[in-house]
Amino acid sequence: TGPGQGAGNPFDQQSSRNVGRMCDFIAENFLYDIDCVNIAAAADIHPKYAMSLFKKSTGMTLNEYVNLLRLSYAQALLMHEDANVLKVAMDSG
Numbered sequence: 003t004g005p006g007q008g009a010g011n012p013f014d015q016q017s018s019r020n021v022g023r024m025c026d027f028i029a030e031n032f033l034y035d036i037d038c039v040n041i042a043a044a045a046d047i048h049p050k051y052a053m054s055l056f057k058k059s060t061g062m063t064l065n066e067y068v069n070l071l072r073l074s075y076a077q078a079l080l081m082h083e084d085a086n087v088l089k090v091a092m093d094s095g
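With positions in the sequence shown counted from 1, the corresponding number in the numbering used here is that position plus 2.
The structure is reproduced here in structure tokens:
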């Protein structure tokens, strides 16, 4: 391989860091009322850029990802025998 090949583009590395920060923030806060402004602030980027970057990197929107985590959490809660559907819905955001 030639010089610079395989080393990764600095823009790509920064994009990966930004997406990682957004994912970390969402994982820690998906049970709360969060939106793209909160998520973008966690990565210190503009909300419109955050939405575009996240969609390009993951294939889903920020809202789809937040909802996916909420549904997965609700599904885990519903696995318990004594699960109350209304309570699970409220606890899952």
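Ideal placement from N, C-alpha and C gives every residue a C-beta, glycine not left out.
- Here THR63 has MET53, PHE56, LYS57 as same chain residues with Cβ atoms under 8 Å from its own Cβ, once five neighbours each way along the sequence are excluded.
- In this structure MET92 is exposed. Its beta-carbon is surrounded by fewer than 16 other beta-carbon atoms within 10 angstroms.
- In the DSSP assignment, GLU66 falls within the unbroken alpha helix (DSSP H) covering 64-80.
- Distance from the CA atom of VAL21 to the CA atom of PHE27, rounded to whole angstroms, is 10 Å.
- By the neighbour-count criterion, in which 16 or more other beta carbons inside 10 Å mark a residue as buried, SER94 falls on the buried side.
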